[in-house]
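Encoded as structure tokens, the structure appears first; notes follow it.
Numbering (the numbering used here), first residue to last: 632 to 880.
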């Protein structure tokens with residue numbers, strides 16, 4: 632009986648298979664910023680944070696790659712305690728740009744100071760007294776995406792004191808850019824070459840396979856693609872008669 636090796640090899644990159652491609656693209660001072668559709672919030676009674684992007688998307692999802700600049704917009708209102716401070720920290724995905732010098736924007740009378748602590752977190756201290764003519768305000772903090780070594784689905788995370796926030800993303804390596812022409816489909820093909828045994832037709836018209844074919848392993852590739860984000864994707868295949876999967880393949 633012939634044996635059939637089913638290797639779950641795919642020529643598609645990680646991004647083509649998972650197709651959950653996330654955009655949080657490069658933002659620079661002076662660039663037009665758009666609030667991402669994938670906003671996520673870290674809520675405090677008076678302070679919250681929103682991830683800002685330039686609105687670029689792929690297959691309906693945002694993406695991040697090494698060196699992209701993103702903005703964390705910190706919003707506050709007049710219910711903050713005058714003279715109080717909040718600490719803004721981010722996960723391993725982001726860091727402050729090298730040489731960053733934090734300064735309170737000109738004309739902002741609600742914030743007394745912006746500094747970094749020993750761990751590199753941003754500390755914002757509100758004015759005391761808090762200005763009576765300010766009902767609410769916002770402050771932008773720029774971060775850089777750290778080196779992406781593997782394309783994967785993950786989260787960009789941050790916190791305001793002990794209140795956490797996050798945004799789902801797909802980190803993309805520089806050599807793993809997505810294919811915008813990807814479409815739904817599936818296929819299978821032999822990838823290791825057809826084995827070297829003979830096939831003939833006898834005098835009665837029957838196809839005869841050389842007995843040496845019994846036990847020969849045939850490697851093939853199953854490929855599936857989808858333009859939509861997929862989690863837990865399952866591939867199933869029915870083998871031809873007289874063929875079986877190789878255990879452990």
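All residues carry an ideal CB built from backbone N, CA and C; glycine is no exception.
Computed from a prediction, not measured in an experiment: that's the story for all the values here.
- Minimum Cα-Cα distance from residue 707 among the listed residues 684, 700, 740 corresponds to 740.
- Residue 856 is not a Cβ neighbour of residue 790, given a cutoff of 7 Å.
- Judged by beta-carbon spacing, residue 726 lies within the 7 Å limit of residue 775, meaning their Cβ atoms are closer than that value.
- Boundaries for residue 873: no beta strand (DSSP E) harbours it, and the DSSP string shows neither H nor E there.
- When the Cα atoms are used, residue 722 and residue 767 turn out to be separated by approximately 27 Å.
- Under the DSSP assignment, residue 856 falls in the beta strand (DSSP E) whose first and last residues are 848-856.
- Residue pairing from DSSP places residue 795 in a beta bridge opposite 790.
- Residue burial annotation: residue 870 is exposed, with fewer than 16 other C-beta atoms found within 10 angstroms of its C-beta.
- Looking at the DSSP output, residue 761 sits in no beta bridge, so it has no partner there.
- Annotation: residue 851 to residue 732 spans about 56 Å, alpha carbon to alpha carbon.
- With fewer than 16 other beta carbons inside 10 angstroms of its own, residue 867 counts as exposed.
- Exclusion of the five residues before and after residue 760 leaves 713 as the residues of its chain whose Cβ lies within less than 7 Å of its Cβ.
- In this structure, residue 756 lies near residue 716, with their beta-carbon atoms less than 7 Å apart.
- Here the alpha carbon of residue 749 sits roughly 12 Å from the alpha carbon of residue 718.
- Taking C-beta separations shorter than 8 Å and ignoring five residues to either side along the sequence, the partners of residue 696 in its chain run 776, 779, 802, 803, 804, 805, following chain order.
- Approximately 7 Å separates the beta-carbon atoms of residue 683 and residue 701; this is inside 8 Å, confirming the contact.
- Distance from the CA of residue 709 to the CA of residue 783, rounded to the nearest whole angstrom, comes to 40 Å.
- Cβ contact annotation for residue 758 (same chain, cutoff 7 Å, sequence separation greater than five): 713, 740, 741, 742, 743, in chain order.
- Rounded to whole angstroms, the Cβ separation of residue 772 and residue 753 is 6 Å, and the two are in contact under 8 Å.
- Residue 737 has its alpha-carbon roughly 55 Å from the corresponding atom of residue 865.
- Rounded to whole angstroms, the gap between the alpha carbons of residue 734 and residue 703 is 15 Å.
- If you look at residue 769, you'll find it in the beta strand (DSSP E) that goes 767-776.
- Within the same chain, Cβ atoms closer than 6 Å to the Cβ of residue 770 are found at 705, the five residues on either side in sequence being excluded.
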